[in-house]
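Participant: Residue numbers (UniProt numbering): 1 to 404.
One structure, pasted below without further comment.
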């Protein structure tokens, strides 16, 4: 019975700047900046140790179209290692690292097949079995048209794999690139669809597998939980998938049960227990304080903005482990401290803001000749932080007004 084994990875985003992160010490910042490269090295190490028939990388190898020089060098070195081990690599570029972007363009070894801006169907032989791999690279940043019609239907007697960096048409949470419908993929009769672009690990179909492995390393609080890649075994119509973790730093939302907490030392103690129960070797945690009563809420709301976060960072620091508290949120469900109608209207307006709204609101600050050059890049992570802090400020101000 014919069988093949391969690794499916996507969205490496090597060279990600992590510009929205703040409050890290020098060593933590170094670890975070190197995390995408560290995760990539774990992918390479696992591939070398297990010797699969081939490796798939489905788009967004680099975080930007300029393709960070250091990231390119590290990637080239990884491909050279796989070349020496005789492991083929099939690579497509996505919307972040499209073929039209500027790059130093390191010369990749002969084991790496880079798809061009049209759908190709490449053939290789694995232990007597014929394998065909179809895919394409983005020729420009925005590919809004469907590319599925250019993928061939599976031929009889071969393993057919499709590589596609794109979005399902029903997905309303992400920007739409190279859209497809699940039914279109199923109609091609492929043995496996290796997807990329969506950073959340998910399977759109089990038989045949239509799989997003997620990105290799989380980069902000919306990319929480284990990150990595899939090891896949295909055997005449049957598929076995195993997820392999690779993240160097884990972003996680941690719920802290504050039942009965009346003093800050008690809060620090229960928060420390939750952090220590999480087994990530390096952790960026967003704490949500739950089961708060009115007295605890009032105690916490009297603390100046940011002081609680800084105090928890210091209390939960560990010289043997990277632990960083990014934000602290209070879960006020069931409590009377609700926003007034006007406060809800303000918060709702902020929640609806898009990137353009934030840029317009902060235009003068970012264009200021003295202060502008010190400000971090206004990316999605920073926008989320600003939104959360602004809504918290509204809530606090409304509470003060009610007390007058």
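Just so you know, even glycine gets a beta-carbon here, dropped at the ideal spot from N, CA and C.
For clarity, every value in this text was computed on a predicted model and none was experimentally measured.
Measure the CB-CB distance between residue 177 and residue 170 and report whether it falls below 7 Å.
Facilitator: Not closer than 7 Å, so no.
Participant: Would residue 377 pass as a contact of residue 35 if the rule is Cβ separation under 7 Å?
Facilitator: No, the pair does not count as a contact, with Cβ atoms beyond the cut-off.
Participant: Check for me: the alpha helix (DSSP H) holding residue 273 runs from which residue to which?
Facilitator: Element bounds for residue 273: 264-277.
Participant: Under three-state DSSP, which class holds residue 242?
Facilitator: Residue 242 falls in the strand class under three-state DSSP.
Participant: Per DSSP, residue 231 is paired with what?
Facilitator: The partner list for residue 231 (beta bridge, DSSP) reads 7, 242.
Participant: List the endpoints of the continuous alpha helix (DSSP H) containing residue 78.
Facilitator: From DSSP, the alpha helix (DSSP H) with residue 78 extends over 69-84.
Participant: Let me know if residue 47 comes out buried or exposed under the rule of 16 or more other beta-carbons within 10 Å of its beta-carbon.
Facilitator: With 16 or more Cβ atoms within 10 Å of its Cβ, residue 47 is classed as buried.
Participant: Leaving out five residues before and five after residue 280 in sequence, what residues of the same chain have Cβ atoms less than 6 Å from its Cβ?
Facilitator: If we look at residue 280 and ignore the five residues flanking it on each side, its Cβ neighbours are 250.
Participant: Report the CB separation of residue 12 from residue 216 in whole angstroms; it is logged as a contact under 8 Å.
Facilitator: Going by Cβ atoms, the distance from residue 12 to residue 216 rounds to 5 Å, so yes, they are a contact pair.
Participant: Evaluate residue 413 with the Cβ neighbour count: other Cβ atoms within 10 Å of its Cβ, from every protein chain shown; 16 or more gives buried, anything less gives exposed.
Facilitator: For residue 413 there is no data in the structure shown, the boundaries of the chain being 1 and 404.
Participant: Do three or more CB pairs link the stretch 78-97 to the stretch 39-56 at distances below 8 Å?
Facilitator: Yes: the two stretches touch, three or more of their Cβ pairs being nearer than 8 Å.
Participant: Between residue 60 and chain D, is any beta-carbon pair separated by less than 7 Å?
Facilitator: You won't find chain D in this structure, because it holds only one protein chain.
Participant: Check residue 309 in the structure and name its three-state DSSP category.
Facilitator: The answer is helix: DSSP assigns residue 309 an H, G or I state.
Participant: Could you say which of 134, 224, 126 lies nearest to residue 113 if we only look at CA atoms?
Facilitator: Closest option to residue 113, Cα to Cα, is 134.
Participant: Taking 7 Å as the cut-off, decide whether the C-beta atoms of residue 152 and residue 10 are in contact.
Facilitator: No; because the gap between Cβ atoms is not below 7 Å, this pair is not in contact.
Participant: Thinking C-beta only, is residue 7 closer than 7 Å to residue 180?
Facilitator: No, they are not a contact pair.
Participant: Based on the DSSP secondary-structure assignment, which residues constitute the bridge partners of residue 55?
Facilitator: Answer by DSSP bridge pairing, in chain order: 7, 89.
Participant: Which residue from 233, 275, 29 puts its Cα closest to that of residue 248?
Facilitator: Closest option to residue 248, Cα to Cα, is 29.
Participant: Given residue 359, which residues of its chain have a CB within under 6 Å of its CB, disregarding the five upstream and five downstream residues?
Facilitator: Taken in chain order, the list of residues that qualify is empty.
Participant: Assuming residue 61 contacts residue 98 (C-beta within less than 8 Å), just tell me the rounded distance between them.
Facilitator: With a Cβ gap of about 11 Å, residue 61 and residue 98 do not count as contacting.
Participant: Classify residue 404: buried if its beta carbon has 16 or more other beta carbons within 10 angstroms, exposed otherwise.
Facilitator: Confidence is the limiting factor: at residue 404 the pLDDT is only 43, short of 50, which leaves the residue's position unreliable, though a coordinate-based value still follows. Looking at its Cβ environment, which holds fewer than 16 other Cβ atoms inside 10 Å, residue 404 is exposed.
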